[in-house]
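**Q** Add 3 to a position in the sequence shown, counting from 1, and you land on the number used in my numbering.
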Amino acid sequence: MGAVSTMRAEKTETGDDVLVRVEGLRKWFPILGGVFQRTVGYIYAVEDATFNIKNAETLALVGESGSGKTTVGLMLAKLEHPTAGKIFYRNRDVGKLSSSETRWYRKRVQMVFQDPYASLNPRMLIKDTIIEVMKVHRVGGPNYYDRAVELMTRVGLSEEHLYRYPHELSGGQRQRAVLARALCVNPEFIILDEPTASLDVSVQAQVLDLLKSLQDEFRYTYLLITHNLAVVRYISDRTVVMYRGIWVESSPTRELFGRAEHPYTQALLSSVPIPEPRSNVEKQLLKGEPPNPTERVKACPFADRCPYVMPVCNEKTPPVTQINDSHQVRCWLTVKK
Ligand SMILES: Nc1ncnc2c1ncn2[C@@H]1O[C@H](COP(=O)(O)OP(=O)(O)OP(=O)(O)O)[C@@H](O)[C@H]1O
Ligand code: SF4
Ligand SMILES: [Mg+2]
4 MGAVSTMRAE
14 KTETGDDVLV
24 RVEGLRKWFP
34 ILGGVFQRTV
44 GYIYAVEDAT
54 FNIKNAETLA
64 LVGESGSGKT
74 TVGLMLAKLE
84 HPTAGKIFYR
94 NRDVGKLSSS
104 ETRWYRKRVQ
114 MVFQDPYASL
124 NPRMLIKDTI
134 IEVMKVHRVG
144 GPNYYDRAVE
154 LMTRVGLSEE
164 HLYRYPHELS
174 GGQRQRAVLA
184 RALCVNPEFI
194 ILDEPTASLD
204 VSVQAQVLDL
214 LKSLQDEFRY
224 TYLLITHNLA
234 VVRYISDRTV
244 VMYRGIWVES
254 SPTRELFGRA
264 EHPYTQALLS
274 SVPIPEPRSN
284 VEKQLLKGEP
294 PNPTERVKAC
304 PFADRCPYVM
314 PVCNEKTPPV
324 TQINDSHQVR
334 CWLTVKK
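#1: Since Ile194 and Ala48 should fall inside the 8 angstroms C-beta cutoff, what is the C-beta to C-beta distance between them, to a whole number of angstroms?
#2: At a threshold of 7 angstroms, does Ala306 count as lining ligand 2 (C-beta to nearest heavy atom)?
#3: With a CB to CB cut of under 8 angstroms and the five nearest residues on each side skipped, what residues in its chain are close to Leu172?
#4: With DSSP as the reference, label Val323 as helix, strand or coil.
#5: Put Asn317 into one of helix, strand or coil per three-state DSSP.
#6: Take the Cβ of Arg281 as the centre, count every other Cβ of all protein chains shown within 10 Å, and call the residue buried at 16 or more, exposed below.
#7: Once the 5 residues before and after Lys215 are set aside, which same chain residues still bring their CB inside 8 angstroms of it?
#8: Would you identify the three-state DSSP class for Glu26, choosing helix, strand or coil?
#9: So the candidates are Gln113, Gln269 and Val23; which of them puts its Cα closest to the Cα of Leu289?
#10: Between Val243, Tyr225 and Ser201, which lies nearest to Ala121 when the distance is taken from Cα to Cα?
#11: Alpha carbon to alpha carbon, how far is Val323 from Thr337?
#12: Here's the rule I'm using: 16 or more other beta-carbon atoms within 10 Å means buried, otherwise exposed. How should Tyr166 be labelled?
#13: Does DSSP classify Phe260 as helix, strand or coil?
#14: Does at least one heavy atom of ligand 1 sit under 7 angstroms from the Cβ of Ser253?
#15: Buried or exposed: where does Met313 fall if 16 or more other Cβ atoms within 10 Å of its Cβ makes it buried?
#16: Who pairs with Ile193 in a beta bridge, going by DSSP?
#17: Note down the Cα distance separating Arg150 from Gly143, rounded to an integer number of angstroms.
#18: Quick one: does the C-beta of Phe192 sit closer than 7 angstroms to a heavy atom of ligand 1?
#19: Is the number of C-beta pairs between the stretch 239-251 and the stretch 302-320 that are closer than 8 angstroms three or more?
#20: Within 7 angstroms: the Cβ of Lys81 and any heavy atom of ligand 1?
#21: Quick check on DSSP: helix, strand or coil for Thr242?
#22: So if I measure from each beta-carbon to every heavy atom of ligand 3 and keep distances below 7 angstroms, which residues remain?
#23: Could you tell me the distance, in whole angstroms, from the CA atom of Leu226 to the CA atom of Leu62?
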């Protein structure tokens with residue numbers, strides 16, 4: 004595979020297997036008001052995102068609309084600045100990278116968005132889009148064109164597609180072109196924000212299979228942000244569930260589908276028809292109003308809608324309960340078990 008095969012990620016320098024570590028990440032967006040446009044409140048988009056992602060694994064980040072998933076992805080891609088908390092990449096504090104280290108980070112970490120049309124320049128041929136990115140990041144030269152052809156082939160397109168404008172491609176082909184653009188800089192870590200949501204079901208499966216085969220070949224690490232629990236189950240190794248910008252459960256994906264502990268996770272899983280014979284999850288739809296992002300969470304974020312709410316749930320933040328080595332949950336029910 005020539006140049007493309009150099010994409011393989013090495014082990015982290017420290018020898019451990021964690022590539023990304025996120026600790027207490029928070030993002031508040033100010034609400035400006037009045038004549039002087041002063042801060043009159045905040046949108047509490049992310050309150051506490053905490054998780055690790057191991058080399059070459061796929062971590063899914065799930066939660067209902069507005070739970071802060073994309074904002075977490077944007078902070079990881081350094082497209083939004085955290086209000087608090089830390090991101091470590093290969094044990095380096097991402098908030099303290101020098102400008103040359105930031106350039107290195109921006110190559111290593113790529114983000115792919117839901118709408119491939121919006122993320123490609125409509126006036127540029129795919130060829131020019133890809134070659135421009137390689138030139139900006141100084142990779143792939145001097146044989147930029149050959150590398151672009153190689154990447155197109157690897158994502159299931161051909162040289163001929165380099166000479167198309169985005170509107171001349173189908174949705175699935177556009178998302179493949181976006182992937183080729185992300186891969187052209189030799190990334191290690193790819194943030195996939197609803198990567199198949201805009202595609203037809205049959206095309207979704209093809210793009211997911213492509214993502215899997217690329218990961219098998221090049222050991223990419225993925226953060227998969229999605230609403231689609233079937234996609235989560237198909238492609239992810241571990242899952243973190245967010246509610247109102249707070250992580251509430253973290254588990255290997257297989258275990259989560261069979262033994263969700265948090266009432267929100269249970270409601271989320273039971274609200275979609277995924278056949279799972281061993282599942283102990285009973286049908287329980289989410290009741291109550293969706294949360295208001297301008298109100299700060301005081302205790303349990305799910306207390307307003309939880310069928311099992313107890314007085315303590317409105318008074319104190321539930322602590323983390325370790326179900327086993329790889330499964331954690333934040334709920335007073337598991338504390339009392
Ligand atoms: N730039 C911004 N300025 C102000 N508020 C924002 C901004 N970006 C996101 N928000 C708000 O932050 C909250 C979290 O948004 P985010 O896009 O991260 O959610 P999400 O989980 O990705 O939702 P969805 O599943 O709908 O994509 C929402 O209330 C959203 O309106
Ligand atoms: S802490 Fe209480 S309100 Fe929150 S999810 Fe658990 S039982 Fe429900
Ligand atoms: Mg989103």
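Here a beta-carbon is modelled for each residue, glycine too, at the ideal position from N, C-alpha and C.
**A** Looking at the coordinates:
#1: Here residue 194 corresponds to residue number 191 of the sequence shown, with the count starting at 1. Here residue 48 corresponds to residue number 45 of the sequence shown, with the count starting at 1. Actually they are not in contact, since the Cβ atoms of Ile194 and Ala48 sit about 16 angstroms apart, beyond 8 angstroms.
#2: Indexing the sequence shown from 1 puts residue 306 at position 303. Yes.
#3: Taking the sequence shown and counting its residues from 1, one reaches residue 172 at position 169. Answer for Leu172: Ile129, His164 and Ala180, listed in chain order.
#4: What you label residue 323 is simply residue 320 of the sequence shown in a count that begins at 1. Looking at Val323 - three-state DSSP - the assignment turns out to be strand.
#5: The count along the sequence shown starts at 1 and reaches residue 317 at position 314. Asn317 falls in the helix class under three-state DSSP.
#6: Mapped onto the sequence shown, residue 281 falls at position 278. Any answer about Arg281 is weak, because its pLDDT of 43 lies below 50 and its placement is not dependable; what the coordinates show is given next. Within 10 angstroms of the beta-carbon of Arg281 lie fewer than 16 other beta-carbons, which makes it exposed.
#7: In the sequence shown, the residue the question calls residue 215 occupies position 212. Taking C-beta separations shorter than 8 angstroms and ignoring five residues to either side along the sequence, the partners of Lys215 in its chain run Ile238, following chain order.
#8: Here residue 26 corresponds to residue number 23 of the sequence shown, with the count starting at 1. Strand, per DSSP.
#9: Here residue 289 refers to the residue found at position 286 when the sequence shown is read from its first residue. Among Gln113, Gln269 and Val23, the Cα nearest to that of Leu289 belongs to Gln269.
#10: Here residue 121 refers to the residue found at position 118 of the sequence shown. Out of Val243, Tyr225 and Ser201, Ser201 has the C-alpha closest to the C-alpha of Ala121.
#11: For this step, residue 323 is matched to residue 320 along the sequence shown. For this step, residue 337 is matched to residue 334 along the sequence shown. Take the alpha-carbon of Val323 and the one of Thr337: they are about 9 angstroms apart.
#12: Taking the first residue of the sequence shown as 1, we reach residue 166 at position 163. Burial state of Tyr166 is exposed, judged by a 10 Å Cβ sphere holding fewer than 16 other Cβ atoms.
#13: Along the sequence shown, one-based indexing puts residue 260 at 257. Correct three-state label for Phe260: helix.
#14: Locating residue 253 in the sequence shown gives position 250, counting from the first residue. Short note on Ser253: C-beta not closer than 7 angstroms to any heavy atom of ligand 1.
#15: For this step, residue 313 is matched to residue 310 along the sequence shown. Around the CB of Met313, fewer than 16 other CB atoms lie within 10 Å, so the residue is classed as exposed.
#16: Locating residue 193 in the sequence shown gives position 190, counting from the first residue. DSSP, once it has assigned bridges, lists Gln113 and Tyr225 as partnering Ile193.
#17: Numbered from 1 along the sequence shown, position 147 holds the residue referred to as residue 150. Numbered from 1 along the sequence shown, position 140 holds the residue referred to as residue 143. The alpha-carbon atoms of Arg150 and Gly143 are separated by roughly 6 angstroms.
#18: On the sequence shown, position 189 is the one that residue 192 refers to. In this structure, the C-beta of Phe192 stays at least 7 angstroms away from each heavy atom of ligand 1.
#19: In short, these stretches touch, since the Cβ pair count reaches three.
#20: Start at 1 with the first residue of the sequence shown, and residue 81 comes out as number 78. Checking every heavy atom of ligand 1 against the Cβ of Lys81, none is found closer than 7 angstroms.
#21: Residue numbering aside, residue 242 sits at position 239 when the sequence shown is read from its first letter. Thr242: strand per DSSP, three-state reduction.
#22: With the cut-off at 7 angstroms, the residues found are Lys72, Thr73, Asp196, Glu197 and Ile228.
#23: What you label residue 226 is simply residue 223 of the sequence shown in a count that begins at 1. What you label residue 62 is simply residue 59 of the sequence shown in a count that begins at 1. Going by the C-alpha atoms only, they are around 5 angstroms apart.
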